[in-house]
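Student: Please see the structure below; I have some questions.
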Amino acid sequence: MMEKRTPIVVACTGHAIAQGAAYLMSADVRVGAAGDFRMGLKETQIDMVLRRFGPTLAKARLNRRFWMRAAVLGEVFDPETAIAVEYLDSVVSPEALLETAMEKAAQL
C-alpha cells in the first residue's frame with residue numbers, strides 16, 4: 049500500500065549555498081525572493097569534498113545543461129538564473145514570497 053505523500057514547498061528568503069542548495073533541490077516546489085542572492089553547491093570552490101548525495105541530487109533535480117557548472121565546478125547563480133538551472137521554480141518580490149509559497153502549498 050502506498051503512503052500519502054505530502055509535498056514540500058520552500059520559500060527561499062535569500063542565499064542558498066551548500067546545504068541550503070541541497071534543501072532547495074529536495075523540495076517539490078521552490079519559490080525564491082528576488083534580490084542580490086546566490087544559490088549553489090560551492091563546496092568545490094572552497095576545496096571541500098561534495099559527498100555523493102550532492103551530485104546525485106543535482107543530477108536528478110537540476111537542468112542537465114547546468115549540471116557540470118553547478119555540481120562539479122561549484123558555480124553559484126542569482127535567483128533569475130537559478131530558475132533556468134532549476135534550483136528555483138519561480139522568483140517573486142520579497143514582500144510576496146510567503147504569500148506565494150502558501151498559495152502554492154494550498155494548491156497542492
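Number 156 marks the last residue of the sequence shown (the numbering used here); no jumps. Note that the Cβ used here is the ideal one computed from N, Cα and C, for glycine as well.
1) Checking 8 Å against the spacing of the C-beta atoms, do G88 and G122 come in under that value?
2) Does the separation of the CB atoms of D137 and R78 fall below 8 Å?
3) For L156 and D76, I'd like the C-alpha separation in whole angstroms.
4) What does a CB cutoff of less than 8 Å around V140 pick up in its chain, not counting 5 residues either side in sequence?
5) So, is P127 buried or exposed, given that buried needs 16 or more other C-beta atoms within 10 angstroms?
Tutor: This is what the structure gives:
1) For the pair G88 and G122, the CB atoms are nearer than the 8 Å cut-off.
2) Taking 8 Å as the Cβ cut-off, D137 and R78 qualify as a contacting pair.
3) If you take the alpha carbons of L156 and D76, they lie about 10 Å apart.
4) So the list reads V79, G80, A81, A82 and T148, once near-sequence residues are dropped.
5) Per the 10 Å Cβ criterion, buried.
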